[in-house]
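First the structure, in the form of structure tokens, and then the observations on it.
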Amino acid sequence: MDKSIRLLNLLICISLFFLACSKGYNDVKEITLNSTKTNILLIIADDFGLDACPNYDVGTIKPNMPHLQEMINKGITFDNFWAFPICSPTRASILTGKYGVNTGVLNATNNSTIGNDEKTLQSYLDEHLGKVYNHSIIGKWHLSNNEPNRPTEMGIDYYAGLLSGGVNNYNQWNLVENGVSDPSTDYITTKITDLAINWINDQDNNWFCWLAYTSPHIPFHLPPNYMHSQNNLPGDQASIDANPLAYYMAMVESMDFEIGRLLDNIPQDELENTIIIFLGDNGTIGQVIQSPYVSNRSKGSLYQGGISVPLVVSGKGVSRKGTRDQNLINSSDLFTTVAQIAGIDVNEYENSKSFFPLLTQETTNNRNYNYSEVLNDVPIKSGYTIRDNTYKLFVLDNGDERFYNLIEDPYEQNNIINNLSAYEESVYNNLKTEVSIIRE
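Residue numbers (UniProt numbering): 1 to 440.
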């Protein structure tokens, strides 16, 4: 009898213990679930077009990028990814899921700043998941008037980098870390990587790191020799001016070197639980862009050389390895794609259409049109462009319209706007209708 009573009392105590700890149990369960979520590393290269990127058949000279090449070999290369002609609108589109026409960020001047009322991707994750992810933006910001607290005011847990569009000297610049600005003499590509390594390795939760390099943005220069394979380059300005492409390539390679160092410093189990998204923010600058692109159809323009940029996705959850994908992807689509990677059930949000299903299956994306735009003081350089799977229309602020068949004419040599077939006329009308919806 005593044994039975003792057993009954034990069972009652155990039951009361689990009842009392039910909230704690739920908390533990949430932490366990959180720990299975995928870490997200988003890497943005500055002024890095298709002509400078491995695995794209544009440009004759390619940099040595073994770490990006490994991502390519183990992931998906997207062939029809559009950004915006200059950096700020691209960054704003990723951050908000909106085109520039809906954020007001249409160029890269101080008058084109993101509003405090915009919901950022990081805030969106917190709103739908709680604090499942710690998040950071490290590197180039360029979305407001150099206001040191703006990133954290917009819901970013940790910000460190440069607020402006670039630096005059890669070894002399102002580092802003969570609102505090201090001069730095560290090579910026290395320092940004150090900050990312330190932040990632300091996390005890799942993390989302937005890593925005300044490289290979001007000024062209000679990086430390151990970081690149461009041999015997002198460091004087006359030599740089005489052969800027070699120095641009050296800067690209130095970025890849630092990406490799970053990945080497992430613990293996963490790295295996990380998806890596690599992209360019706009096309290559005209000074070093390679044929068949030309300098006046490069960064800043609505031609393919200005807006068609690299996108490579590899790592956790990417089962299509070493493949290419032809679906239309927009930089704004990274908003919903990252949200779905994080576990939020969202296919579309504002202008963003998730391409998450493409990571595991060859299918048709839910984006039928791609869109880009730019605001420029010169009307002949300002306007918008839209495309479907075959045709591209762009309309400049001076009224000039151009229409290209990108399948037959991928480098936009033959403007057929005045010689449309009946079918092409219908496509033209469809594109104009879609633009009116986007820009209403």
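Glycine included, each C-beta is placed from N, C-alpha and C at the ideal position.
DSSP has residue i in a bridge; who is on the other side?
{"i": "I307", "result": "Per DSSP, none; premise fails for I307."}
{"i": "R402", "result": "F394"}
{"i": "W173", "result": "S184"}
{"i": "G280", "result": "A45"}
{"i": "S319", "result": "For S319, which the question treats as bridged, DSSP gives no partner whatsoever."}
{"i": "F78", "result": "D325"}
{"i": "S314", "result": "G75 and I276"}
How would you label residue i, buried or exposed, when you count the other beta carbons within 10 angstroms and need 16 or more for buried?
{"i": "N370", "result": "buried"}
{"i": "N206", "result": "buried"}
{"i": "Q268", "result": "exposed"}
{"i": "E373", "result": "buried"}
{"i": "V378", "result": "exposed"}
{"i": "N201", "result": "exposed"}
{"i": "I12", "result": "Only weak support exists for where I12 lies, its pLDDT of 39 falling under 50; the coordinates are left without a value."}
{"i": "E253", "result": "buried"}
{"i": "Q230", "result": "buried"}
{"i": "Q290", "result": "buried"}
{"i": "Y303", "result": "buried"}
{"i": "Y170", "result": "buried"}
{"i": "I380", "result": "exposed"}
{"i": "E258", "result": "buried"}
{"i": "Q172", "result": "exposed"}
{"i": "V176", "result": "buried"}
{"i": "D204", "result": "exposed"}
{"i": "E118", "result": "buried"}
{"i": "I277", "result": "buried"}
{"i": "I407", "result": "exposed"}
{"i": "R367", "result": "buried"}
Just reading off the alpha helix (DSSP H) that residue i is part of, what are its end residues?
{"i": "A212", "result": "Premise fails: A212 lies in the beta strand (DSSP E), N206 to A212, not in any alpha helix (DSSP H)."}
{"i": "K191", "result": "I188 to N201"}
{"i": "D67", "result": "The question names Asp, but residue 67 is His in the sequence shown. Run containing H67: P66 to K74, per the alpha helix (DSSP H) assignment."}
{"i": "G260", "result": "P244 to D264"}
{"i": "T96", "result": "C87 to T96"}
{"i": "T323", "result": "Where T323 is concerned, there is no enclosing alpha helix (DSSP H), although the beta strand (DSSP E) it sits in stretches over T323 to N330."}
{"i": "P152", "result": "Sequence check: residue 152 is Thr here, not Pro. Its alpha helix (DSSP H) spans residues R150 to E153."}
{"i": "L271", "result": "Q268 to E272"}
Output the boundary residues of the beta strand (DSSP E) element that contains residue i.
{"i": "V435", "result": "Run containing V435: none in the beta strand (DSSP E); it sits in the alpha helix (DSSP H), A422 to I438."}
{"i": "N231", "result": "No beta strand (DSSP E) holds N231; DSSP gives it neither H nor E."}
{"i": "H128", "result": "Careful: H128 lies outside any beta strand (DSSP E), inside the alpha helix (DSSP H) at L121 to L129."}
{"i": "Q290", "result": "Per DSSP, Q290 belongs to no beta strand (DSSP E) and is neither H nor E."}
{"i": "G100", "result": "Looking at the DSSP string, G100 is not in any beta strand (DSSP E); the run it does join, the alpha helix (DSSP H), is G100 to T103."}
{"i": "L42", "result": "N39 to A45"}
{"i": "L302", "result": "Segment: none, L302 is in no beta strand (DSSP E) and carries neither H nor E."}
{"i": "I137", "result": "Y133 to K140"}
{"i": "G161", "result": "Y158 to L162"}
What is the rounded straight-line gap between the Cα of residue i and the Cα of residue j?
{"i": "K62", "j": "D194", "result": "26 Å"}
{"i": "F394", "j": "E272", "result": "42 Å"}
{"i": "residue 444", "j": "A422", "result": "There is no way to answer for residue 444, as the model of the chain reaches only from 1 to 440."}
{"i": "Y159", "j": "N414", "result": "45 Å"}
{"i": "S239", "j": "N419", "result": "47 Å"}
{"i": "residue 480", "j": "N174", "result": "Outside the shown range of the chain, which is 1 to 440, sits residue 480, and nothing can be said about it."}
{"i": "I156", "j": "T103", "result": "18 Å"}
{"i": "L396", "j": "F403", "result": "12 Å"}
{"i": "K316", "j": "D126", "result": "21 Å"}
{"i": "K432", "j": "I285", "result": "29 Å"}
{"i": "G260", "j": "K299", "result": "27 Å"}
{"i": "I44", "j": "S88", "result": "12 Å"}
{"i": "E434", "j": "I341", "result": "28 Å"}
{"i": "I417", "j": "K353", "result": "29 Å"}
{"i": "T363", "j": "L42", "result": "23 Å"}
{"i": "P219", "j": "N64", "result": "20 Å"}
{"i": "A92", "j": "D281", "result": "11 Å"}
{"i": "K29", "j": "T36", "result": "Legend: pLDDT at K29 = 28, less than 50; position of this residue unreliable, value from coordinates given subsequently. Using only the alpha carbons, I get a separation of about 11 Å."}
{"i": "V294", "j": "Q326", "result": "24 Å"}
{"i": "T385", "j": "L233", "result": "40 Å"}
{"i": "I192", "j": "R297", "result": "30 Å"}
{"i": "F356", "j": "I137", "result": "22 Å"}
{"i": "I438", "j": "L375", "result": "16 Å"}
{"i": "V58", "j": "A196", "result": "31 Å"}
{"i": "H217", "j": "H128", "result": "35 Å"}
{"i": "P151", "j": "V427", "result": "41 Å"}
{"i": "residue 447", "j": "I114", "result": "What is shown of the chain runs 1 to 440, which leaves residue 447 out entirely."}
{"i": "Q287", "j": "G306", "result": "13 Å"}
Contiguous beta strand (DSSP E) assignments of at least 3 residues, all confined to the segment 338 to 391: Within the segment 338 to 391, the complete beta strand (DSSP E) runs of at least 3 residues are 370 to 374 and 383 to 387.
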